[in-house]
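**Student:** For the protein sequence lines, the chains are A and B, in the order given.
Residue 281 in my numbering sits at position 289 of the first sequence; the count goes up by one each step and never skips.
Residue 48 in my numbering sits at position 56 of the second sequence; the count goes up by one each step and never skips.
Here a beta-carbon is modelled for each residue, glycine too, at the ideal position from N, C-alpha and C.
Treat the numbers as computed from the prediction; the structure is a model and nothing was measured.
2 protein chains.
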Amino acid sequence: MSQVRIDWKVLEDFTKKIFVEMGMRPEDAETEARVLVWANLRGIDSHGVLRVPQYLASVQKGGMNPDPDIQVLRETPAVIFVDGDHAFGPVVTTFTMERVMEKAGEVGIGWGLIRNTTHQGAMGYYALLAAEKGMAGIALVSNPPNMAPYGAKARGIHNSPIAISVPAKEHRPLVLDMATSVAAGGKVDLAVDKGVSIPEGWALDVEGNPTTDPEEAAILLPFGAYKGSNLAIMFACLSNIMAGNPLVAPTLAGQEVRPGTQNSVVAAVDIGTFSDLEMFKENVDDLVDGIKGLPKAEDFDEILMPGELEDRVHEERAEEGIPLPEGTVQNLREVAEKLGVEVPEGL
Amino acid sequence: MSQVRIDWKVLEDFTKKIFVEMGMRPEDAETEARVLVWANLRGIDSHGVLRVPQYLASVQKGGMNPDPDIQVLRETPAVIFVDGDHAFGPVVTTFTMERVMEKAGEVGIGWGLIRNTTHQGAMGYYALLAAEKGMAGIALVSNPPNMAPYGAKARGIHNSPIAISVPAKEHRPLVLDMATSVAAGGKVDLAVDKGVSIPEGWALDVEGNPTTDPEEAAILLPFGAYKGSNLAIMFACLSNIMAGNPLVAPTLAGQEVRPGTQNSVVAAVDIGTFSDLEMFKENVDDLVDGIKGLPKAEDFDEILMPGELEDRVHEERAEEGIPLPEGTVQNLREVAEKLGVEVPEGL
Chain A
-7 MSQVRIDWKV LEDFTKKIFV EMGMRPEDAE TEARVLVWAN LRGIDSHGVL RVPQYLASVQ
53 KGGMNPDPDI QVLRETPAVI FVDGDHAFGP VVTTFTMERV MEKAGEVGIG WGLIRNTTHQ
113 GAMGYYALLA AEKGMAGIAL VSNPPNMAPY GAKARGIHNS PIAISVPAKE HRPLVLDMAT
173 SVAAGGKVDL AVDKGVSIPE GWALDVEGNP TTDPEEAAIL LPFGAYKGSN LAIMFACLSN
233 IMAGNPLVAP TLAGQEVRPG TQNSVVAAVD IGTFSDLEMF KENVDDLVDG IKGLPKAEDF
293 DEILMPGELE DRVHEERAEE GIPLPEGTVQ NLREVAEKLG VEVPEGL
Chain B
-7 MSQVRIDWKV LEDFTKKIFV EMGMRPEDAE TEARVLVWAN LRGIDSHGVL RVPQYLASVQ
53 KGGMNPDPDI QVLRETPAVI FVDGDHAFGP VVTTFTMERV MEKAGEVGIG WGLIRNTTHQ
113 GAMGYYALLA AEKGMAGIAL VSNPPNMAPY GAKARGIHNS PIAISVPAKE HRPLVLDMAT
173 SVAAGGKVDL AVDKGVSIPE GWALDVEGNP TTDPEEAAIL LPFGAYKGSN LAIMFACLSN
233 IMAGNPLVAP TLAGQEVRPG TQNSVVAAVD IGTFSDLEMF KENVDDLVDG IKGLPKAEDF
293 DEILMPGELE DRVHEERAEE GIPLPEGTVQ NLREVAEKLG VEVPEGL
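Structure below.
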């Protein structure tokens, strides 16, 4: 399979220019590009620049709004409720996370609810923002259905991801970032771009039959059977229904939902309110070292921490460049051509 | 397998008397009995009165404290940090959840961190307390290790459960309550009491080899491979390490940890701060109806909501009595005899 390697800064700059041409303010375009390329840097290619053509299509269909009027609907010392006006997810989510962290600094926790955001990229990004400020970060999101609830053979819930991050001392911050499906939808898209099949158990086709063809995959399957399914249902309640924007039931009832709409929760817990921050970080290091030192299961050489694999990829790709499969490159070139953005050398 | 059926009120009263004889204040004994029998009513027998002999043993070893001095260590308008002084879990957790719900009523969210609690029973109980007050409830807990992290064949993390509950209108509140292991540890204990084997994939023996003998089961296995494992690691950070009481790494390093110690987070999000509560409840009903109406997967007659199975058992057992296996009955009789508590008729 053919691919190219591109410097992350070049890719970020190119991606930013594309977003500016889509109608975004330069600072918003920068945020958006940063979040996507961060995902690529960490090997989460399913949430990286491969999304750009989808975003352009969404803007053109009246889904994602490149020039949003973000509103704070309600605010207390501990919570904030924001309407994103269908902003690109990273724009409104970064805005909200910053406010949430301020609140956590004041009263120990900040809890942000975002209505009418659109695709936010990798949720781990926002959780990590908190960890980098000495806080625990939590982020989750729910969309219209793309996953079969346990026991169903049709779409009925979103494969809501959740991210949680905490700082460590010598180790990198821990960053859990997982979908409630067996595999994130973007991983299916990536298989399409790569022209490879997907494992059994990831998805059903539109008729509800199991498939390993990513082009046929229409319905994701929950991880851990009823456990992943039930987590996704509760996350839909905490985000969509809490925000008065239920998405799932209206879609199932055949009502029109603005394409790309999603609702999200971001939260930060201030560690210093409860414990000494340095002691916390040392204790996370000890936890990591303790677990990594355990006897290994058969076929395992090491035990990985949440985000550890991504940290290694990050280091390697920051140095060596980000590999993009030919399908993704071709799509990006087409977008650039449509928008009159020059394609950088090497892409 | 022989079993008896006992009226839940009789069982609760008997259990309360046992706890009073263990040295608990009557109101605390009542709380403790209520939480355990609630689990039995809902069919979560692994977290019900089968625990009573373990609790007595723990009190005698200096683990659980029947007469605790519960302290509020820190408090803001949004958070509370409580030291449970090794109280029986339901006593300190109910106390903290009440305070957390007051805060949520004021500022939209309340976040409670509990240090030095002991076994809390079924975590769904506390999440449901919030749902019954028009709030979303969240509860999680972490203990010393009893589960193999993904990639390990030894204990290295606790199979932390998480519970989330929200109210509905015509439907019962949704109550997710799940361990991050394939099966909760109490389910292994229950298999011992019932004299049955456990399914493959639940547990390893003390050497790290797979076992289906509940008497040999020493190490639980995470659900969803690395996903359940990583959730458990993050929950340990949010509870144990946040509370300055890390438990896991010290245990792995061979240090003494007071038996039965655990740390917990309970939180409530006030729905009315964000949305109209009645609309929220109607939207939860619509979500439930939408999902339950989906085409069923092969071998499924219906799609169950979080807590729905338990609601049905609750209704049946409230009417017909709680079935207890012979092993559990025998253990309860022995405890009653030791403490001089009269065994009620029918047990």
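(1) Of all the alpha helix (DSSP H) runs that stay within the bounds of the stretch 158 to 219 of chain B, which reach a length of 4 or more residues?
(2) Quick one: is B/E22 buried, meaning 16 or more other Cβ sit within 10 Å of its Cβ, or exposed?
(3) Helix, strand or coil: how does DSSP classify B/L269 here?
(4) Which same chain residues, not among the five before or five after B/A310, have their C-beta less than 7 Å away from its C-beta?
(5) I'd like the span of the beta strand (DSSP E) that includes B/T253, first residue to last.
(6) Does any C-beta atom of chain B lie closer than 8 Å to the C-beta of A/M14?
(7) With DSSP as the reference, identify every bridge partner of A/R17, one or two as the case may be.
(8) Just checking my contact of A/M89 with A/D262 at CB under 8 Å: how many whole Å lie between their CB atoms?
(9) Would you kindly work out how many angstroms separate the C-alpha atoms of B/I101 and B/H150, rounded to a whole number?
(10) Could you give the DSSP three-state label for A/P287: helix, strand or coil?
(11) Answer with yes or no whether the minimum CB distance from B/T265 to chain A is below 8 Å.
(12) Counting pairs of beta carbons, one from the stretch 250 to 269 of chain B and one from the stretch 217 to 235 of chain B, are three or more of them closer than 8 Å?
(13) What are the boundary residues of the beta strand (DSSP E) that A/R66 is part of?
(14) In whole angstroms, give me the CA-to-CA distance for B/Q52 and B/A245.
(15) Return the first residue and the last residue of the alpha helix (DSSP H) that A/H306 is part of.
(16) Unbroken alpha helix (DSSP H) runs of length 4 or more, entirely within the stretch 43 to 129 of chain B: which are they?
(17) Since B/I10 contacts B/V327 with CB under 8 Å, what's their CB separation in whole angstroms?
(18) Using a beta-carbon distance below 8 Å, is A/A343 in contact with chain B?
(19) Under a CB-based cut-off of 8 Å, is A/W103 close to chain B?
(20) Does the separation of the CB atoms of A/A209 and A/I190 fall below 8 Å?
(21) In whole angstroms, give me the CA-to-CA distance for A/P60 and A/G54.
(22) Within 10 angstroms of its Cβ, does A/N201 collect 16 or more other Cβ (buried), or is it exposed?
(23) Apart from the five residues just before and just after A/G193, which ones in its own chain have a Cβ nearer than 7 Å to its Cβ?
(24) Below 7 Å on C-beta distance, what does A/R164 contact in chain B?
(25) Do the stretch 91 to 100 of chain B and the stretch 55 to 75 of chain A touch if we need at least three Cβ pairs shorter than 8 Å?
(26) Smallest Cα separation from B/E162: which of B/F292, B/P141, B/L196, B/V280?
(27) Taking Cβ positions only, does B/N135 come closer than 8 Å to chain A?
(28) Any residues in the stretch 45 to 76 of chain B with a beta carbon nearer than 7 Å to a beta carbon of chain A? Which ones, in chain order?
(29) Taking only three categories from DSSP, how would you classify A/S134?
(30) Answer yes if the stretch 142 to 156 of chain B comes into contact with the stretch 282 to 289 of chain A, meaning at least three C-beta pairs across the two stretches below 8 Å, and no otherwise.
(31) Closest to A/K186 by C-alpha separation, out of A/F266, A/E318, A/Y118, A/R91, would be which residue?
(32) Distance, Cα to Cα, A/P153 vs A/V333?
(33) Along chain B, which residues have their Cβ under 8 Å away from the Cβ of A/P238?
(34) Using CA atoms only, rank isn't needed, just tell me which of A/K8, A/E302, A/Q247 is closest to A/D169.
(35) For A/A328, name the three-state secondary structure that DSSP assigns.
(36) In the DSSP assignment, find the unbroken beta strand (DSSP E) run with B/V(-4) in it and report its ends.
**Tutor:** For this structure:
(1) 177 to 186
(2) If you number the second sequence from 1, residue 22 of chain B lands on position 30. B/E22 comes out buried.
(3) What you label residue 269 of chain B is simply residue 277 of the second sequence in a count that begins at 1. Three-state result, B/L269: helix.
(4) Mapped onto the second sequence, residue 310 of chain B falls at position 318. Around B/A310: W0, L33.
(5) Walking along the second sequence from the start, residue 253 of chain B turns up at place 261. B/T253 -> no beta strand (DSSP E), and no H or E assigned at all.
(6) On the first sequence, residue 14 of chain A is found 22 positions in, with the first residue counted as 1. A/M14 does not count as touching chain B.
(7) Translated into positions along the first sequence, residue 17 of chain A becomes position 25. In the DSSP output, where bridge partners are listed per residue, A/R17 has none listed.
(8) In the first sequence, residue 89 of chain A corresponds to position 97, counting from 1. In the first sequence, residue 262 of chain A corresponds to position 270, counting from 1. That belief does not hold up - the Cβ atoms of A/M89 and A/D262 are roughly 14 Å apart, past 8 Å.
(9) The residue labelled residue 101 of chain B in the question sits at position 109 within the second sequence. The residue labelled residue 150 of chain B in the question sits at position 158 within the second sequence. For B/I101 and B/H150, the distance between alpha carbons rounds to 27 Å.
(10) Here residue 287 of chain A refers to the residue found at position 295 of the first sequence. If DSSP states are grouped into helix, strand and coil, A/P287 belongs with coil.
(11) Residue 265 of chain B sits at position 273 when you count from the first residue of the second sequence. Closer than 8 Å: yes.
(12) yes
(13) Indexing the first sequence from 1 puts residue 66 of chain A at position 74. Per DSSP, A/R66 belongs to the beta strand (DSSP E) from 63 to 67.
(14) On the second sequence, residue 52 of chain B is found 60 positions in, with the first residue counted as 1. On the second sequence, residue 245 of chain B is found 253 positions in, with the first residue counted as 1. Distance between the alpha carbons of B/Q52 and B/A245: 25 Å.
(15) Taking the first sequence and counting its residues from 1, the one referred to as residue 306 of chain A is at position 314. A/H306 -> alpha helix (DSSP H) spans 300 to 312.
(16) 44 to 52, 81 to 99, 116 to 123
(17) Taking the second sequence and counting its residues from 1, one reaches residue 10 of chain B at position 18. Taking the second sequence and counting its residues from 1, one reaches residue 327 of chain B at position 335. The Cβ separation is near 6 Å, so the contact holds.
(18) Examination of residue 343 of chain A is not possible in this model, given that chain A is present from -7 through 339 alone.
(19) Within the first sequence, numbered from 1, the residue matching residue 103 of chain A stands at position 111. Yes - at least one Cβ of chain B is within 8 Å of the one on A/W103.
(20) Start at 1 with the first residue of the first sequence, and residue 209 of chain A comes out as number 217. Start at 1 with the first residue of the first sequence, and residue 190 of chain A comes out as number 198. Yes, Cβ-Cβ distance for A/A209 and A/I190 is below 8 Å.
(21) Within the first sequence, numbered from 1, the residue matching residue 60 of chain A stands at position 68. Within the first sequence, numbered from 1, the residue matching residue 54 of chain A stands at position 62. Each residue's alpha carbon lies about 12 Å from the other.
(22) Residue mapping note: residue 201 of chain A aligns to position 209 of the first sequence, counting from 1. With fewer than 16 other Cβ atoms within 10 Å, it is exposed.
(23) Along the first sequence, one-based indexing puts residue 193 of chain A at 201. For A/G193, where only same-chain residues beyond five positions count, the Cβ hits under 7 Å are V174, L213.
(24) Residue mapping note: residue 164 of chain A aligns to position 172 of the first sequence, counting from 1. Correct list: empty, because the minimum Cβ distance to chain B is about 14 Å.
(25) yes
(26) Within the second sequence, numbered from 1, the residue matching residue 162 of chain B stands at position 170. Considering only alpha carbons, the answer is B/V280.
(27) Against the second sequence, residue 135 of chain B aligns to sequence position 143. So, not an interface residue.
(28) R66, T68, P69, A70, V71, F73
(29) As a working mapping, residue 134 of chain A is identified with position 142 in the first sequence. Three-state result, A/S134: strand.
(30) yes
(31) Within the first sequence, the letter at position 194 stands for residue 186 of chain A. Among A/F266, A/E318, A/Y118, A/R91, the Cα nearest to that of A/K186 belongs to A/E318.
(32) Within the first sequence, numbered from 1, the residue matching residue 153 of chain A stands at position 161. Within the first sequence, numbered from 1, the residue matching residue 333 of chain A stands at position 341. For A/P153 and A/V333, the distance between alpha carbons rounds to 33 Å.
(33) Locating residue 238 of chain A in the first sequence gives position 246, counting from the first residue. Result: N275, D278, L279.
(34) Here residue 169 of chain A is taken as the residue at index 177 of the first sequence, counted from 1. Taking only the C-alpha atoms, the option nearest A/D169 is A/E302.
(35) Working through the first sequence from its first residue, we reach residue 328 of chain A at position 336. If DSSP states are grouped into helix, strand and coil, A/A328 belongs with the helices.
(36) For the purposes of this step, residue -4 of chain B is taken as residue 4 along the second sequence, with counting starting at 1. Per DSSP, B/V(-4) belongs to the beta strand (DSSP E) from -5 to -2.
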